[in-house]
Amino acid sequence: MSRFRCTVEYRLNNGSIHHDTRVFDAGDGHAAAEMARQAWVGEHEPGPDGEAGEVEEIVCMVVEDDQH
Numbered sequence: 001m002s003r004f005r006c007t008v009e010y011r012l013n014n015g016s017i018h019h020d021t022r023v024f025d026a027g028d029g030h031a032a033a034e035m036a037r038q039a040w041v042g043e044h045e046p047g048p049d050g051e052a053g054e055v056e057e058i059v060c061m062v063v064e065d066d067q068h
């Protein structure tokens with residue numbers, strides 16, 4: 001397992017772009033990115049049009065590697 005810092009860049013329905021950064025423990029960067037996406041989806045309520053916004057990009061970087 002490694003610790004990843006993931007930043008989700010997302011666009012709200014009004015067109016504004018925002019960033020949300022979190023830390024996840026995962027086996028690889030793909031798993032960390034999926035965890036970040038699921039966390040974002042779980043926390044953003046759909047607006048009146050039924051949409052919560054749109055994830056534009058997810059970037060994950062290793063911040064601590066337990067593999068020696």
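Numbering of the sequence shown is given in the numbering used here, commencing with residue 1 and proceeding in unit increments.
Quick reminder that beta carbons are idealized off the backbone N, C-alpha and C, glycines included.
Asked	Found
I need the boundaries of the alpha helix (DSSP H) containing His44, first residue and last residue.	It is not in any alpha helix (DSSP H) - His44 carries neither H nor E in the DSSP assignment.
Taking His30 as the reference, give the member of Asp66, Asp65, Ile17, Cys60 with the closest Cα.	Cys60
For Arg5, which residues from the same chain have a beta carbon less than 6 Å from its beta carbon, with the 5 sequence-adjacent residues on both sides left out?	Val23, Met61, Val63
What is the DSSP secondary structure of Ala26, reduced to helix, strand or coil?	strand
From what residue to what residue does the beta strand (DSSP E) around Asp65 run?	54 to 65
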